[in-house]
Each structure stands twice: as structure tokens, then as C-alpha cells.
Amino acid sequence: MQRQLIDTFLLLIYPIVLGSGRRLFTDRVPVVRLKLVDSVVTTTGVVIATYDSV
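In case it helps, numbering that gives the first Met the number 0 puts the sequence shown at residues 0 to 53.
Now the structure itself:
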């Protein structure tokens with residue numbers, strides 16, 4: 000992330016509730032500006048979100 004080698008993020012978001020969880024990224028990752036370029040909701044409720052770096 001620090002070297003900006005990733006230009007597209009594809010996140011799959013599952014509709015479940017947990018009592019606790021893990022962070023996707025650690026606190027040491029710098030803030031990255033992202034733009035939502037596409038999103039799809041599957042028949043099972045999973046959201047597929049595509050983000051590009053700004």
C-alpha cells in the first residue's frame with residue numbers, strides 16, 4: 000500500500016454479524032483514497048464492490 004502498487008480493490012462483503020473480528024488492514028497502513036466504480040449484489044446478499052485508487 001505504501002508503494003501504491005495496487006490500483007484496484009475488489010471486496011466481497013458477506014451479510015453476517017460477528018461478535019468481534021479482524022481489521023482488513025492494520026493501523027500502520029496510510030490512508031488511501033478510493034472511488035467506488037462498480038457494485039453488484041448477488042442473489043445470496045453478498046456485495047461485490049470494486050474500488051479504484053484516486
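Glycine is no exception: its CB is placed at the ideal position from the N, C-alpha and C atoms. Since the structure is predicted, the reported quantities are computational estimates derived from the model, not experimental observations.
Taking the beta strand (DSSP E) that S19 falls in, what are its first and last residues?
-> In the sequence shown, the residue the question calls residue 19 occupies position 20. Premise fails: S19 is in no beta strand (DSSP E) and is neither H nor E.
Interface flag, I47 vs chain D, CB-CB below 9 Å | The structure shown contains no chain D, having only a single protein chain.
On the three-pair Cβ rule with 8 Å, is the stretch 44–51 touching the stretch 4–21?
-> yes
CB contact flag (S52, V30, <9 Å) | Start at 1 with the first residue of the sequence shown, and residue 52 comes out as number 53. Start at 1 with the first residue of the sequence shown, and residue 30 comes out as number 31. The answer is no: Cβ separation not under 9 Å.
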